[in-house]
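Visitor: The following block contains the structure, expressed as structure tokens.
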Amino acid sequence: MKTARQVLWLLGAVLGICLALTLALSVLRRDPTLPTATAAVGLVAGTLFIFVNRRLQHESQAEIEQANRRSELFEREMRRQREVVDELADGLEVAIFLCDSKGAVEYANRKAIELFRFEDPRGRGILKVTLSHDLEQLVLKAVQERHPINAEVVLRYPDERVGLAKAWTDPNSEDRVFLSIYEITNLRRLERVRRDFVANVSHELRTPMTTIRAMAEILSDSDPEEMKTLGPRYLGRIISEVDRLTLISDDLLTLASAEANPVAKSATNVVEIVRNVVDQLRSQAEAKELSLILTSPDVVIAPVNANQFTQVVFNLAANAINYTNKGSVTVRVDETPDEVVLSISDTGIGIPLEDQPRIFERFYRVDKGRSRASGGTGLGLSIVKHIIESHGGRVTVESELNKGSTFLVSLPKR
Ligand code: ADP
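With the working numbering applied, the sequence shown covers 138 to 551.
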């Protein structure tokens with residue numbers, strides 16, 4: 138289009154020169170017909186020139202508009218694709234950084250910002266953003282070696298976490314390196330809990346089994362006369378150690394079934410369950426001269442698994458009696474529009490502050506000797522916690538050493 142307009146202007150210029158020459162010639166020859174003819178040709182050529190020029194101008198305008206529209210569409214498509222990539226990267230549960238070859242961050246997805254709690258990391262060094270030398274080294278090594286590098290890294294900031302990190306360079310640009318971090322803190326924690334649990338179970342089982350074996354050996358080596366005196370004593374101990382093993386295995390089974398979701402719940406009067414458990418434990422409290430008080434309305438309905446809720450009330454109330462030497466144990470049931478609240482308070486030995494966060498762990502006991510002497514397995518509170526959490530509720534403790542403890546259980550009513 139541009140060339141067509143140039144040719145037109147060239148033709149116009151040539152015609153103009155020709156007309157000017159013709160006009161000059163007619164003046165020199167004093168010929169009157171030439172100016173009239175020249176003026177006529179000039180008029181026709183001029184009109185033609187204006188018309189064609191207009192047309193060409195119009196067409197070139199249309200072409201410019203079309204090109205503008207195309208580039209706008211292209212830009213919009215590019216923007217949309219960038220948004221799709223951003224959306225995709227932000228939806229991933231993997232932290233992603235894009236850095237230059239010196240480790241300055243050019244892009245970070247949502248998870249990366251969350252993980253390192255750094256508002257706008259663009260333009261900052263990866264070390265400054267992550268406070269991890271290991272991650273910085275990984276990026277620089279990937280740039281140097283030009284192949285992907287993987288490593289398990291421990292991140293200390295803002296909290297201690299474990300991540301699987303990978304750094305690799307962009308095959309299309311020497312100056313770009315990607316870094317991804319997949320958090321495996323929970324996985325590592327669960328592995329540790331499982332290892333500890335297996336070790337704890339073995340330890341808990343070994344103690345009664347060693348006792349049983351030693352006593353059975355003594356009995357088997359005894360002559361009939363010794364048997365008469367040792368027999369009743371040792372057989373009694375053997376029976377109580379076997380009972381203890383049964384108790385541990387029962388608690389382990391209860392814990393396993395409490396962990397197996399989902400629980401079958403039905404609308405139940407929880408006050409009735411609490412009252413039955415309190416009646417069951419009354420003789421135990423009386424034997425220690427403790428007053429056992431129940432304060433509750435007659436009916437509070439909540440969706441619970443009756444067997445599991447019985448176990449919760451029993452474990453908490455039995456603990457309150459076991460760990461109280463004098464005074465009272467008070468059991469209360471209250472309700473709010475949304476929740477049922479069960480509180481079990483005692484005036485017992487209390488729990489040291491540093492132990493309070495750990496008592497819901499399996500086999501954790503503040504005083505091993507006292508727990509064993511009272512027939513405890515160290516599993517009661519972890520069973521309570523699992524059951525309550527699988528009901529969508531929560532359990533907390535408030536306690537003061539030598540003053541007493543209060544365990545609070547909240548359960549949703551719907
Ligand atoms: P155990 O079978 O040892 O009672 P639990 O899991 O029921 O195991 O409780 C864990 C530990 O928490 C107990 O060993 C005890 O040290 C402490 N504990 C639980 N309830 C109370 C309480 N009411 N008062 C004081 N300490 C308690």
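In this text, a Cβ means the ideal position worked out from N, Cα and C, and glycines have one as well.
Within the continuous beta strand (DSSP E) that includes Val478, where are the two ends?
Guide: First-last of the beta strand (DSSP E) with Val478: Glu476 to Asp483.
Visitor: Determine the extent of the alpha helix (DSSP H) in which Thr497 is found, giving its start and end residues.
Guide: Looking at the sequence itself, residue 497 is Phe, so the reference to Thr does not match. Taken as a continuous stretch (DSSP letters only), Phe497 belongs to no alpha helix (DSSP H), as it is neither H nor E.
Visitor: Nearer than 7 Å: is that true of the beta carbon of Thr514 relative to any heavy atom of the ligand ADP?
Guide: Thr514 Cβ: within cutoff of the ligand ADP.
Visitor: Looking only at C-alpha atoms, which of Tyr460, Glu476 and Tyr294 sits nearest to Glu537?
Guide: Closest option to Glu537, Cα to Cα, is Tyr460.
Visitor: Is the beta carbon of Ala454 sitting closer than 8 Å to the one on Val470?
Guide: Going by C-beta atoms, Ala454 is not nearer than 8 Å to Val470.
Visitor: Relative to the C-alpha of Ser394, which residue among Glu423, Glu363, Gln448 and Pro345 is closest?
Guide: If we check each option's Cα against that of Ser394, Gln448 comes out closest.
Visitor: With a cut-off of 8 Å, do at least 3 Cβ pairs link the region 292-308 to the region 268-279?
Guide: The region 292-308 vs the region 268-279: in contact.
Visitor: From Gln493 to Glu297, what does the alpha carbon distance come to, in whole angstroms?
Guide: Answer to the nearest angstrom: the Cα atoms are 22 Å apart.
Visitor: Could you pull out every residue in the same chain whose Cβ sits closer than 7 Å to the Cβ of Arg419, ignoring the five residues on either side in sequence?
Guide: So the qualifying residues of the chain are Leu429.
Visitor: Among Thr173, Arg293 and Ser403, which residue has its Cα nearest to the Cα of Lys157?
Guide: A small fix is needed here, since residue 157 is Ala in this sequence, not Lys. Here the closest residue by C-alpha is Thr173.
Visitor: Kindly give me the distance between the Cβ atoms of Leu193 and Leu145, rounded to whole angstroms, as I take these residues to be in contact under 8 Å.
Guide: About 6 Å; that satisfies the 8 Å criterion.
Visitor: Which first and last residues belong to the alpha helix (DSSP H) in which Arg374 is found?
Guide: Residues Pro361 to Glu396.
Visitor: What is the residue span of the alpha helix (DSSP H) that Ala336 lies within?
Guide: Where Ala336 is concerned, the enclosing alpha helix (DSSP H) stretches over Thr322 to Asp358.
Visitor: Would you list the one or two residues that DSSP bridges to Tyr319?
Guide: Per DSSP, Leu301.
Visitor: Using the beta-carbon count (16 or more within 10 Å), is Val222 buried or exposed?
Guide: Val222 comes out exposed.
Visitor: So which of Ile376, Asp257, Thr322 and Asn442 has the shortest CA-CA distance to Glu91?
Guide: Since the first and last residues shown for the chain are 138 and 551, residue 91 lies out of range.
Visitor: In the DSSP assignment, the alpha helix (DSSP H) including Thr461 goes from what residue to what residue?
Guide: No alpha helix (DSSP H) holds Thr461; DSSP gives it neither H nor E.
Visitor: Considering only their Cβ atoms, is the gap separating Ser480 from Thr543 smaller than 8 Å?
Guide: Yes.
Visitor: Measure the Cβ-Cβ separation of Ala401 and Asn442 and say whether it is below 8 Å.
Guide: Contact: yes.
Visitor: Can the beta-carbon of Pro549 be found less than 8 Å from the beta-carbon of Asp475?
Guide: Cβ atoms of Pro549 and Asp475: closer than 8 Å.
Visitor: Among Ala204, Leu147, Glu230 and Arg167, whose alpha-carbon lies nearest the alpha-carbon of Asn190?
Guide: Answer by Cα proximity: Leu147.
Visitor: Return helix, strand or coil for Phe234, following the three-state DSSP convention.
Guide: Strand.
Visitor: DSSP three-state call for Val189: helix, strand or coil?
Guide: DSSP places Val189 in helix when its eight states are reduced to three.
Visitor: At 4 residues or longer, what runs of the alpha helix (DSSP H) sit wholly inside the region 200-285?
Guide: Within the region 200-285, the complete alpha helix (DSSP H) runs of at least 4 residues are 247-253, 263-267 and 270-282.
Visitor: Is the region 313-333 touching the region 220-238, taking contact as three or more C-beta pairs under 8 Å?
Guide: Enough Cβ pairs lie closer than 8 Å, so yes.
Visitor: Report whether the distance from the Cβ of Ser508 to the nearest heavy atom of the ligand ADP is below 7 Å.
Guide: It does: the Cβ of Ser508 is within 7 Å (strictly closer) of some heavy atom of the ligand ADP.
Visitor: Express the C-alpha separation of Glu328 and Arg217 in angstroms, rounding to a whole number.
Guide: Cα-Cα distance, rounded: 43 Å.
Visitor: Pull up the CB-CB distance for Gly515 and Arg507, whole angstroms please, since I reckon it's below 8 Å.
Guide: Contact doesn't hold; Cβ gap of about 11 Å is too wide.
Visitor: Using a Cβ-Cβ cutoff of less than 6 Å, which residues in the same chain neighbour Phe500 once the five nearest sequence positions on both sides are dropped?
Guide: Answer for Phe500: Asn337 and Gly515, listed in chain order.
Visitor: State the CB to CB distance for the pair Phe186 and Gly149, rounded to an integer number of angstroms; the pair is presumed to be in contact (CB under 8 Å).
Guide: So it is a contact: roughly 5 Å between Cβ atoms.
Visitor: Under 7 Å: does the beta carbon of Ala424 sit that close to some heavy atom of the ligand ADP?
Guide: No, since every heavy atom of the ligand ADP falls outside the 7 Å radius drawn around the Cβ of Ala424.
Visitor: Please determine whether the Cβ atom of Val338 lies at a distance below 7 Å from any heavy atom of the ligand ADP.
Guide: No; taking the cut-off as 7 Å, the Cβ of Val338 has no heavy atom of the ligand ADP nearer than that.
Visitor: With 16 other CB atoms within 10 Å as the buried threshold, where does His523 fall?
Guide: Buried, by the Cβ-count rule.
Visitor: Taking Cβ positions, are Asn452 and Ile520 nearer each other than 8 Å?
Guide: Yes; because the gap between Cβ atoms is below 8 Å, this pair is in contact.
Visitor: Name the two residues that bound the continuous alpha helix (DSSP H) containing Arg531.
Guide: Here Arg531 belongs to no alpha helix (DSSP H); instead the beta strand (DSSP E) covers Arg531 to Glu537.
Visitor: Shorter than 7 Å, the distance from the beta carbon of Ser428 to the closest heavy atom of the ligand ADP, or not?
Guide: No, the beta carbon of Ser428 sits no closer than 7 Å to any heavy atom of the ligand ADP.
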